[in-house]
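What follows is a single structure, written as structure tokens, with notes after it.
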Amino acid sequence: MAQDTSARKSRRARTRSFQAEVRQLLQLMIHSLYSHKEIFLRELISNASDACDRLRFEAISTSELLGDDAVLAISVDFNGDEGWVEVTDNGIGMSEEEVVQQLGTIARSGTSDFLSRLSGDEKQDARLIGQFGVGFYSSFIVASKVEVRTRRAGLPADDGVLWSSDGQGKFTVRPTPREQRGTAVRLYLKEEERSFAEAYSLRSLIRRYSDHIAFPVTMPGTASDENQGEPAREVVNTAQALWTRPKREIKPEEYHEFYRHVAHDSEDPLCHAHNQVEGRREYTSLLFIPRQAPFDLYNRESPRGVKLYVQRVFIMDDAEQFLPLYLRFVRGIVDSKDLPLNVSRELLQQNEDVRAMRQALARRVLDMLDRLAGDDAENYQKFWNEFGRVFKEGVVEDAGNRDRILALLRFTTTDSDDDEQKTTLADYFERKPADQKEFYYIVAASPAAARSSPQLEVFTQRGLEVLLLSDPIDEWVIGHLGEYQGLQFRDVTRGALAVDELPGIAPEKARDSADPEDVSALLQRMNSVLGDEVSDVRSTDRLTDSPSCLALGEQEMGVQMQRLLRASGQEPPNMKPILEINTGHTLFKRLALREGDAEMFEDLTRLLHEQAMLTQGRDLEDPGDFVRRVNRLLDT
Ligand code: ADP
Ligand code: MG
Numbered sequence: 024m025a026q027d028t029s030a031r032k033s034r035r036a037r038t039r040s041f042q043a044e045v046r047q048l049l050q051l052m053i054h055s056l057y058s059h060k061e062i063f064l065r066e067l068i069s070n071a072s073d074a075c076d077r078l079r080f081e082a083i084s085t086s087e088l089l090g091d092d093a094v095l096a097i098s099v100d101f102n103g104d105e106g107w108v109e110v111t112d113n114g115i116g117m118s119e120e121e122v123v124q125q126l127g128t129i130a131r132s133g134t135s136d137f138l139s140r141l142s143g144d145e146k147q148d149a150r151l152i153g154q155f156g157v158g159f160y161s162s163f164i165v166a167s168k169v170e171v172r173t174r175r176a177g178l179p180a181d182d183g184v185l186w187s188s189d190g191q192g193k194f195t196v197r198p199t200p201r202e203q204r205g206t207a208v209r210l211y212l213k214e215e216e217r218s219f220a221e222a223y224s225l226r227s228l229i230r231r232y233s234d235h236i237a238f239p240v241t242m243p244g245t246a247s248d249e250n251q252g253e254p255a256r257e258v259v260n261t262a263q264a265l266w267t268r269p270k271r272e273i274k275p276e277e278y279h280e281f282y283r284h285v286a287h288d289s290e291d292p293l294c295h296a297h298n299q300v301e302g303r304r305e306y307t308s309l310l311f312i313p314r315q316a317p318f319d320l321y322n323r324e325s326p327r328g329v330k331l332y333v334q335r336v337f338i339m340d341d342a343e344q345f346l347p348l349y350l351r352f353v354r355g356i357v358d359s360k361d362l363p364l365n366v367s368r369e370l371l372q373q374n375e376d377v378r379a380m381r382q383a384l385a386r387r388v389l390d391m392l393d394r395l396a397g398d399d400a401e402n403y404q405k406f407w408n409e410f411g412r413v414f415k416e417g418v419v420e421d422a423g424n425r426d427r428i429l430a431l432l433r434f435t436t437t438d439s440d441d442d443e444q445k446t447t448l449a450d451y452f453e454r455k456p457a458d459q460k461e462f463y464y465i466v467a468a469s470p471a472a473a474r475s476s477p478q479l480e481v482f483t484q485r486g487l488e489v490l491l492l493s494d495p496i497d498e499w500v501i502g503h504l505g506e507y508q509g510l511q512f513r514d515v516t517r518g519a520l521a522v523d524e525l526p527g528i529a530p531e532k533a534r535d536s537a538d539p540e541d542v543s544a545l546l547q548r549m550n551s552v553l554g555d556e557v558s559d560v561r562s563t564d565r566l567t568d569s570p571s572c573l574a575l576g577e578q579e580m581g582v583q584m585q586r587l588l589r590a591s592g593q594e595p596p597n598m599k600p601i602l603e604i605n606t607g608h609t610l611f612k613r614l615a616l617r618e619g620d621a622e623m624f625e626d627l628t629r630l631l632h633e634q635a636m637l638t639q640g641r642d643l644e645d646p647g648d649f650v651r652r653v654n655r656l657l658d659t
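Residue numbers (this note's numbering): 24 to 659.
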């Protein structure tokens with residue numbers, strides 16, 4: 024039957040063009056990764072290892088695939104005279120169709136997103152390429168020609184394929200019978216890269232970059248085999264899954280290399296946690312926090328999760344069931360002893376053990392972050408800058424660990440020297456006056472906008488610290504904070520503020536000579552000018568320098584949430600803020616003097632309202648009208 028399939032196939036060589044994205048990537052890679060050209064070897068060995076993993080996985084259900092060639096291994100060969108290096112595996116191999124697809128396109132999701140981020144700045148792009156994963160195409164950094172001989176496991180020898188290309192835009196595929204299954208990738212090195220075709224440098228590259236590969240990587244040995252006169256093969260790497268080795272024997276560099284392999288990252292991780300769990304559930308986890316957020320961190324569709332192994336057999340990439348969503352930046356592996364080898368994604372979703380493991384792994388990650396925060400504040404800050412926005416979601420998602428998550432949050436406050444200086448809630452708690460019974464916070468579009476909010480004036484005056492929140496999800500998150508160390512969180516822009524009851528030292532109040540009844544009549548009149556744009560106009564003590572501000576109604580949705588809702592095409596519930604007036608301010612006094620001039624009174628009233636809206640980050644309904652009003656007032 025297999026004979027038939029191959030007979031039907033065209034026996035001719037065919038030349039095709041690379042997908043446009045591949046051409047772009049090849050160009051870029053050759054130029055920007057030139058200083059790391061030796062990475063090609065680790066990429067090829069990594070692919071060979073993946074191919075062995077996949078064969079072993081498929082052999083769980085189709086054991087014939089292994090045939091009499093059951094020892095999966097990778098070999099590296101070279102010929103200095105002819106100037107080539109070759110990486111061979113007896114893994115899954117590729118069919119003709121697969122070769123064309125896998126080695127002619129970049130099928131990975133997010134590719135176009137990735138390409139659109141390339142800036143032309145080589146250093147920056149090199150980093151991005153590293154994150155994206157350079158893979159097979161990195162061969163062309165050192166090779167002028169690449170030949171791939173491969174046969175898919177389970178297909179007959181006649182279905183072997185030879186793929187070849189000089190990396191200049193086209194590749195050729197031709198049928199080539201191949202006795203053994205699996206893939207051999209041969210690189211014909213560029214003249215100036217021929218030094219790679221040499222035993223010593225290959226061996227040290229394998230030890231440095233591929234030691235953690237769980238399959239033996241062999242090279243021609245130095246000793247001769249008695250029978251054949253051919254050199255015996257020598258295993259160059261440790262050839263044991265890294266996570267199965269005792270922790271104390273693993274060097275930091277080994278963890279780092281393993282991380283690069285699982286995370287497709289060109290940088291070292293920030294930290295890792297390696298745990299071998301025994302007891303009712305037996306599993307090993309090796310988790311890493313990357314140093315840099317992937318370019319698609321905020322894309323909720325992008326793959327995430329750990330690599331799943333069962334009894335050391337690779338099962339799947341991106342098993343997202345093992346970590347909660349707010350820890351989706353974590354990379355690594357889980358190797359379970361108990362899950363069935365034929366476990367599917369659907370099964371994972373329903374499995375009790377998996378749920379328990381997810382909770383345990385989340386705690387491991389929190390432990391790891393606790394340790395990082397305690398031992399290495401600088402790197403914790405890095406973590407926070409990269410992933411804080413995602414991590415915060417845990418406040419809502421993982422109520423069981425809320426207190427631990429709260430302790431790991433970082434805030435800019437009115438006491439920070441700059442936006443980079445962050446504080447913990449515990450430190451805030453320590454600093455606050457004993458009689459302060461709430462955590463104060465303000466939400467704005469940016470830390471700068473928060474800092475210059477009029478609502479902060481009375482807090483600044485009394486030396487009270489306020490948390491400055493400006494991430495788009497902050498308002499949502501803070502709604503779920505509940506309390507910390509017995510204190511509630513209070514939005515300083517919401518509701519009426521009993522200024523006299525605030526802790527801290529009350530400043531001397533300037534005597535106000537105005538008749539309270541006149542003031543209240545004026546406020547009422549302002550209220551009627553503004554109509555239903557505000558729910559009330561009232562006098563406030565919370566302002567010292569600014570003439571006006573808006574107080575959110577007790578039940579009103581915060582400005583940031585309103586914005587999010589509008590962005591998603593919904594109208595927020597119609598609740599109006601309260602306009603608060605600093606009646607001691609000269610602008611209000613001016614208003615009082617112009618009581619007789621109806622137009623002027625309206626202009627000034629509207630202006631006080633508009634200013635308050637702008638400082639709170641609200642949009643003016645008619646900015647043109649506002650500008651004309653300001654100009655009119657400037658002109659008088
Ligand atoms: P990645 O490994 O991230 O998928 P690569 O560019 O390294 O990207 O490889 C592209 C694809 O080519 C792989 O996903 C795989 O399907 C295929 N491939 C590469 N090398 C081999 C190999 N040695 N055996 C089987 N398939 C391979
Ligand atoms: Mg790869």
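In this text, a Cβ means the ideal position worked out from N, Cα and C, and glycines have one as well.
Note down the Cα distance separating residue i from residue j, rounded to an integer number of angstroms.
i	j	result
Q299	F80	23 Å
R77	L126	17 Å
A25	P179	Caution is warranted here: a pLDDT of 46 is assigned to A25, below 50, making its placement in the model unreliable, and the coordinate value is therefore given only provisionally. Using only the alpha carbons, I get a separation of about 7 Å.
L575	I501	16 Å
F462	A473	16 Å
K330	V357	6 Å
E622	R655	11 Å
F410	D136	20 Å
C11	A635	Given that the chain is displayed from residue 24 to residue 659, the structure contains no residue 11 and the question cannot be resolved.
S569	N605	7 Å
D390	T134	34 Å
A30	A207	Any answer about A30 is weak, because its pLDDT of 48 lies below 50 and its placement is not dependable; what the coordinates show is given next. Computed Cα separation, rounded: 24 Å.
E272	I229	19 Å
E109	Y403	42 Å
L309	R387	10 Å
N597	L588	12 Å
D541	L614	12 Å
L370	G90	29 Å
For the ligand ADP, is there a heavy atom less than 7 Å away from the beta-carbon of residue i?
i	result
Q125	yes
I83	no
H287	yes
D104	no
D112	yes
G133	no
D73	yes
T206	yes
Measure from the alpha carbon of residue i to the alpha carbon of each residue in the options, then state which is nearest.
i	options	result
E290	L657, V196, I152 and A96	I152
S493	P595, G158 and R586	R586
E490	S224, A237, A449 and G640	Strictly speaking, residue 490 in this sequence is Leu, with Glu absent from that position. When only C-alpha atoms are compared, the closest one is A449.
L657	L637, L627 and R641	L627
S98	A82, F238 and P313	F238
L348	A130, L479, G417 and Q508	G417
R172	E216, V123 and I164	V123
F101	L364, R256, L89 and L392	R256
Measuring from the CB of residue i, is there a heavy atom of the ligand MG at a distance below 7 Å?
i	result
E66	yes
G158	yes
S69	yes
Would you decide whether residue i is buried or exposed? Buried here means 16 or more other CB atoms lie within 10 Å of its CB.
i	result
M380	buried
H295	buried
S359	buried
L546	buried
Q344	buried
V45	buried
V650	exposed
Q50	exposed
Q334	exposed
With a cut-off of 8 Å, does the C-beta of residue i fall near any C-beta of chain C?
i	result
R175	Among the chains in the structure shown there is no chain C, since it carries only a single protein chain.
Is residue i near the ligand COA, with its Cβ less than 7 Å from a heavy atom?
i	result
G116	As for the ligand COA, it is missing from this structure, which binds only the ligand ADP and the ligand MG.
ask   = Which ranges would you report for the alpha helix (DSSP H) in the region 391-422 if only whole runs of at least 4 residues count?
value = 400-414 and 417-420
request  = Please list the segments of the alpha helix (DSSP H) lying wholly inside the region 549-592, counting only runs of 4 or more residues, in order along the chain.
outcome  = 582-590
query = Considering only residues of the region 302-386, which uninterrupted beta strand (DSSP E) runs meet the minimum length of 3 residues and lie entirely inside it, listed in chain order?
reply = 306-312, 329-333, 336-342 and 354-359
ask   = Which residue spans inside the region 162-237 form an unbroken beta strand (DSSP E) run of at least 3?
value = Runs found: 166-174, 184-188, 193-198 and 205-212.
request  = Can you check the region 430-454 for any alpha helix (DSSP H) of at least 4 residues that lies completely inside it and give the ranges in chain order?
outcome  = Taken in chain order, the whole alpha helix (DSSP H) runs of length 4 or more contained in the region 430-454 are 448-454.
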